[in-house]
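A.B. asks:
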Amino acid sequence: MMEEKEKPQIVEESIWIAGEAIKKAPRLQGVPTGVEGLDDLFFVAELVDGKIIKKPLGGIPAYSVTNITGVSDTGKSLMVEQYAVMQASRGEGVAFITVESPAPFVTVGLRERAKAMGIDWDSIQDRIVLIDAASHGRLRENLPDLFATLAYAIKTYKVRHTIIDSVTGLYEAKEMMARTIVRQLFNFMKKWYQTALFVSQKRSGHEELTAEAAGGYAVSHIVDCSIVLSKELILTQTQARIYKKQIGDVVRLFRIDGCRMCGHDTRTHFMEITELGLVKIGPPITGG
Ligand SMILES: Nc1ncnc2c1ncn2[C@@H]1O[C@H](COP(=O)(O)OP(=O)(O)O)[C@@H](O)[C@H]1O
Ligand SMILES: [Mg+2]
55 MMEEKEKPQI VEESIWIAGE AIKKAPRLQG VPTGVEGLDD LFFVAELVDG
105 KIIKKPLGGI PAYSVTNITG VSDTGKSLMV EQYAVMQASR GEGVAFITVE
155 SPAPFVTVGL RERAKAMGID WDSIQDRIVL IDAASHGRLR ENLPDLFATL
205 AYAIKTYKVR HTIIDSVTGL YEAKEMMART IVRQLFNFMK KWYQTALFVS
255 QKRSGHEELT AEAAGGYAVS HIVDCSIVLS KELILTQTQA RIYKKQIGDV
305 VRLFRIDGCR MCGHDTRTHF MEITELGLVK IGPPITGG
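Okay, so the sequence shown: first residue is 55 according to my numbering, each after it adds one.
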């Protein structure tokens, strides 16, 4: 005999009339990132004199969740540090969840980034709140604790931007949980109207700069935007020609792998890390 199943229920609050839903949607606008060359790579369509034109958004879309992925030493941490410093200098509160490096170390990095960007540290230091999940295993192992801590920080410090460096550290040794964990983090960011940057580490085995590269474990399907960073050692004449470099040089590359909130540049760009430790996006690679 068949087991009696629970009667299907209508989840009425899940149903929206589009005209009502649009009223709850945030306005599409850009958040300047503090990364030179990046802000002009996101677009919106605008109607001017009956013609559709492409207008730069001037940053990443507000209230988006962006995944920044790459193998180690590709500039992910520098990039999110620049973003944090930039938001604080715009007068906005930032939560920086550090999963790999204890808070004091990250703070030194943030201060160095501010110095290199010409931003006065004293005027921004109280707008950045660090949550040290590197030193507190509870925050890494128990998501509800992390969420309670972050919600408290958001309320107390008027936080509008959340950075997690890295989300990979939250599913160490339980990679089959990656999607579930990232999904919960994503939902949290939406609920609290955060513009969020998630760093995720890519194993070198994943294809460089491809869709699969964007975080592996299908993390890219959950977030709004994916950015892929890579570095390549020039070993052949073909590479040397394409990248206009010498054999033995290292070339850094950048690509927006996808963004479902707005239009974006789809080309692979050169990327540079300056001597002061600032990430800059360069011109796109052109044919060899
Ligand atoms: N303060 C700095 N000054 C100059 N270069 C730096 C500085 N910090 C990091 N770099 C360079 O940038 C690279 C990328 O750093 P990082 O953002 O920490 O990488 P990731 O987070 O992707 O592992 C480093 O390997 C180093 O070459
Ligand atoms: Mg890092």
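Using N, Cα and C, we set each Cβ at its ideal position, and we do this for glycine too.
Between the stretch 118-131 and the stretch 139-150, are three or more C-beta pairs nearer than 8 Å?
C.D. replies: Contact between the stretch 118-131 and the stretch 139-150 is absent: fewer than 3 CB-CB pairs across the two stretches fall below 8 Å.
A.B. asks: Rounded to whole angstroms, what is the Cα-Cα separation between Trp70 and Met171?
C.D. replies: Each residue's alpha carbon lies about 44 Å from the other.
A.B. asks: Determine the DSSP secondary structure at Thr292, reduced to helix, strand or coil.
C.D. replies: helix
A.B. asks: On the three-pair Cβ rule with 8 Å, is the stretch 282-293 touching the stretch 153-162?
C.D. replies: no
A.B. asks: Helix, strand or coil: which one does DSSP assign to Lys212?
C.D. replies: coil
A.B. asks: Report the option in Asn196, Lys245, Phe242, Ile208 whose CA atom is closest to the CA atom of Glu226.
C.D. replies: Asn196
A.B. asks: Can you tell me where the alpha helix (DSSP H) with Lys285 in it begins and where it stops?
C.D. replies: For Lys285, no alpha helix (DSSP H) run applies; the uninterrupted beta strand (DSSP E) run containing it begins and ends at 279-287, by DSSP.
A.B. asks: Assuming the contact rule is C-beta atoms closer than 8 Å, Lys334 and Gly91 should be a hit. Round their C-beta distance to whole Å, please.
C.D. replies: 6 Å
A.B. asks: Between Glu146 and Val236, what straight-line distance do the alpha-carbon atoms span, to the nearest angstrom?
C.D. replies: 24 Å
A.B. asks: Can you find a heavy atom of ligand 2 that lies under 7 Å from the Cβ of Asp186?
C.D. replies: Because no heavy atom of ligand 2 lies under 7 Å away, the Cβ of Asp186 does not count as near it: no.
A.B. asks: Which of the three DSSP states is assigned to Leu82 in this structure?
C.D. replies: coil
A.B. asks: Give the C-beta separation of Tyr206 and Val183 to the nearest angstrom, bearing in mind that I take them to be a contact with Cβ-Cβ under 8 Å.
C.D. replies: Not a contact, Cβ separation roughly 10 Å.
A.B. asks: Could you give the uninterrupted runs of the alpha helix (DSSP H) lying entirely in the stretch 129-204, keeping only those of 4 residues or more?
C.D. replies: 130-143, 157-171, 175-178, 191-195
A.B. asks: Going by the C-beta, is Lys130 closer than 7 Å to any heavy atom of ligand 2?
C.D. replies: yes
A.B. asks: Ignore the nearest five residues each way along the sequence and tell me which others in Ala268's own chain have a CB closer than 6 Å to its CB.
C.D. replies: Caution is warranted here: a pLDDT of 48 is assigned to Ala268, below 50, making its placement in the model unreliable, and no coordinate value can be reported.
A.B. asks: Residues in the same chain with beta-carbon distance under 7 Å from Ile173, minus the five sequence neighbours each way, listed in chain order, please.
C.D. replies: Val139, Ser143
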